[in-house]
Amino acid sequence: MIVGIHHVAIGVNDFEKALKFYTEALGFEVVQQSEFDRQPQVDAAIGLRNAKAKMAMLKAPNAHIELWQYTNPEPEDLRSRPCDYGYPHFALQVDDIESEYVRLQEHGMEFVGDVVHFGEDSSAIYGRDPCGNIIEIYEIKSPDISQLERKSG
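If you want it as structure tokens, here you go:
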């Protein structure tokens, strides 16, 4: 029986820069940090040979995010678009999207444009972390919308 989602992993190309962004700009807390270098047990678990990487497990208010930077095998830069297969983005729920939009820009987050308002119910904007991963910033304004429902505008 599945009891829940433990974490989502994000591949990054600059571990220190990403760690700084996720802890300082987003306020996540480091709960574990480690490195591994060509360990057979790790290779067997992840399906790679001679893997070498840094990782950090970060605690967000209601979830965990895991940052990974592999140095072996050499990663490919697959800058995804919101329509691509895989894990194209994750969303962070905020209580004031306009102020977070400004604050996150000050921390170097690049957004696709301005905040979009879906009527009076919700607002959203997509941006990228320092490593190019897509993050949606999302605000629910209507008390009639549950935490997991969205209405289109």
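All letters in the sequence shown, in the order written, are residues 4 to 156 by this note's numbering. Note that the Cβ used here is the ideal one computed from N, Cα and C, for glycine as well.
DSSP places Phe18 in the uninterrupted alpha helix (DSSP H) bounded by Phe18 to Lys23. Residue environment: Ser125 is assigned as buried (16 or more neighbouring CB atoms within 10 Å of its CB, all protein chains considered).
Secondary structure at Val33: strand, using DSSP grouped into helix, strand and coil. Under DSSP, Ile137 takes part in a beta bridge, and its partners are Arg131. A Cβ-Cβ separation of about 6 angstroms places Glu101 in contact with Val118 under the 8 angstroms criterion. Here the stretch 132 to 144 makes no contact with the stretch 51 to 60; the two share fewer than three CB pairs at distances below 8 angstroms. About 31 angstroms separates the Cβ atoms of Asn16 and Asp98, ruling out a contact at the 8 angstroms cut-off.
In this chain, the beta strand (DSSP E) harbouring Val97 covers Phe93 to Val97. As DSSP reads the structure, Tyr73 sits in a beta bridge with Ala56. When only Cα atoms are considered, His67 and Tyr88 end up about 22 angstroms apart. Inclusion of Lys62 and Glu103 in the CB contact set at 9 angstroms is not warranted, their separation being larger than that value.
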